[in-house]
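Presented below is the structure to which this report refers.
Numbering (mature numbering (1 follows the signal peptide of the UniProt record, and there is no 0)), first residue to last: -29 to -1, 1 to 294.
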């Protein structure tokens, strides 16, 4: 009788322990896998802030350009390897949504403006990024060249081999710049600009770095990448055209990712006050009021006049300039 009582007690204790474990979860560290196109400075600061807020979560960040991230995530859809796609543009996020990579999720404590939210809740934007020109005034002076003030100046014959920019087939920045140019001016303008481009990069921020290093006079890039070089080099100037090509950058939760709860924690933090505060020094136009460095009333955002066939545009561009 005593033996049965001990067995019963052991069984009861085991059942209670199992119930407690199921209710509270095991006390183990979490893990988060990010696919991100963020530049190193932003990634460093945002990851440090997130780790300070959630030291129990180990972050593995896989950094690539937007195009390869999108292709990789779609290819892995049957066996997702990432939990969150972060710091990619709204073109990529829309494609990831369309191809079934993202899961709908509403971050808790979100403070962003409604204009930065996907209507179906598959992704959210944390900032708007404008495309602009990084100009090295010292290089221009040495070469006796005028300073460009607008996009139309870029096709001047005296800027031959002075312009660097990311290829739209390899970079979200390049895609945004060239689709806006097509929408504004047409392919003839891009053909003329092509005559002045000395290099097509695979990274959207490379042009700003090249200009700061004095390798080129003019680099077409995005605002935060240029502002970093402006702060580091007094010869570099940010030039905003009369109309600004722009994108929304943000994040989405991967459907069926390996660590869904930790992915949700990151989304909650990113679109709350913690994430917005960490991003604020690095972004142009913040998604939450009061966060960012470029007041919206100082720019004229270009609104695309017609739908963009992403794959079709890339194929057309590659046929003209990569073959």
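Note that CB positions come from ideal geometry on N, CA and C, so glycine has one too.
Whole-Å CB distance - residue i paired with residue j, under 8 Å assumed
i	j	result
residue 87	residue 258	4 Å
residue 74	residue 226	4 Å
residue 260	residue 102	Rounded, the Cβ-Cβ distance is 23 Å, inconsistent with contact.
residue 188	residue 110	4 Å
residue 175	residue 193	6 Å
residue 9	residue 58	4 Å
residue 229	residue 54	6 Å
residue 250	residue 97	6 Å
residue 79	residue 239	5 Å
As assigned by DSSP and simplified to three states, the class of residue i
i	result
residue 14	helix
residue 253	helix
residue 9	coil
residue 186	coil
residue 275	coil
residue 43	helix
residue 123	helix
residue -8	Residue placement at residue -8 is flagged as unreliable, the pLDDT there being 37, under the threshold of 50; the coordinate-derived value follows with that caveat. Helix, per DSSP.
residue 224	strand
residue -3	The pLDDT assigned to residue -3 is 34, lower than 50, so where the model puts this residue is not dependable, and the model offers no usable value.
residue 207	strand
residue 116	coil
residue 82	coil
residue 51	coil
residue 153	helix
residue 284	helix
residue 201	helix
residue 38	helix
residue 294	coil
residue 165	helix
residue 230	coil
residue 146	helix
residue 237	helix
residue 243	coil
residue 128	helix
Beta carbon of residue i nearer than 8 Å to that of residue j
i	j	result
residue 37	residue 65	no
residue 83	residue 237	no
residue 235	residue 224	yes
residue 28	residue 3	yes
residue 279	residue 99	no
residue 60	residue 143	yes
residue 178	residue 105	yes
residue 163	residue 138	no
residue 92	residue 77	yes
residue 289	residue 195	no
residue 68	residue 85	no
residue 154	residue 276	yes
residue 44	residue 7	no
residue 136	residue 190	yes
Residue(s) in a DSSP beta bridge with residue i
i	result
residue 102	193
residue 4	31
residue 135	170 and 190
residue 217	101
residue 263	256
residue 95	88 and 222
residue 141	BP columns for residue 141 are empty, so no partner.
residue 57	7 and 222
residue 179	None; residue 179 has no bridge partner.
residue 107	207
residue 74	224
Cutoff 8 Å: residue i Cβ touching any chain E Cβ
i	result
residue 231	Here chain E cannot be found, since the structure has a single protein chain.
I want to know whether the segment 15 to 24 touches the segment 199 to 206 - three or more CB-CB distances under 8 Å. no
For the segment 233 to 251 against the segment 113 to 126, do three or more pairs of beta-carbon atoms, one drawn from each stretch, fall closer than 8 Å, so that the two count as touching? no
Three-pair Cβ contact test at 8 Å for the segment 38 to 56 versus the segment 207 to 220: These segments do not touch.
Using 8 Å as the Cβ pair cut-off and three pairs as the minimum, do the segment 167 to 177 and the segment 129 to 139 touch? yes
Closer than 8 Å is the cut-off here; do at least three beta carbon pairs connect the segment 139 to 150 with the segment 113 to 120? Flag = no, the segment 139 to 150 and the segment 113 to 120 do not touch.
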